[in-house]
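Q: Residue numbers (the numbering used here): 176 to 261.
Note that the Cβ used here is the ideal one computed from N, Cα and C, for glycine as well.
Here it is: the structure, laid out below.
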C-alpha cells in the first residue's frame, strides 16, 4: 500500500511518502484465521504498519523496514515452534 506519513516534531509537521511495496519472501502460516490465499496480503499489511510506526521513531526507512520484517518473522517462528499455526 502506498501512503503519506505525517508527524509533528520540534514544532513543525513532517511528511514522508511511501511507495507501494509487497514483500515476496515466503510467509510462514500465521494466526488470525487468515486463509492461505490472503496470507501474503495480511503479512504485508502488518509489516507495512510496523515499518511506518518504527520509521516515525527512527526516521530511517530501511532500518525500520528491516526491524519490522524481523519482528514479524520472530512472531511467526514463535507460533510455529509452539505448534500453533492458524
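Does the beta-carbon of residue 243 have 16 or more other beta-carbons within 10 angstroms, so that it is buried, or is it exposed?
A: Residue 243 should be labelled buried.
Q: From which residue to which residue does the beta strand (DSSP E) around residue 233 run?
A: Element bounds for residue 233: not the beta strand (DSSP E) but the alpha helix (DSSP H), 214-233.
Q: Quick check on DSSP: helix, strand or coil for residue 198?
A: Three-state DSSP puts residue 198 in coil, outside helix and strand.
Q: Hey, residue 224 and residue 182 are a contact pair by Cβ (cut 8 Å); roughly how many whole angstroms apart?
A: Contact flag wrong, Cβ pair sits at about 15 Å.
Q: Within its chain, find whatever has a CB closer than 6 Å to the CB of residue 189; leave out the 5 residues flanking it on each side and keep chain order.
A: Around residue 189: 182.
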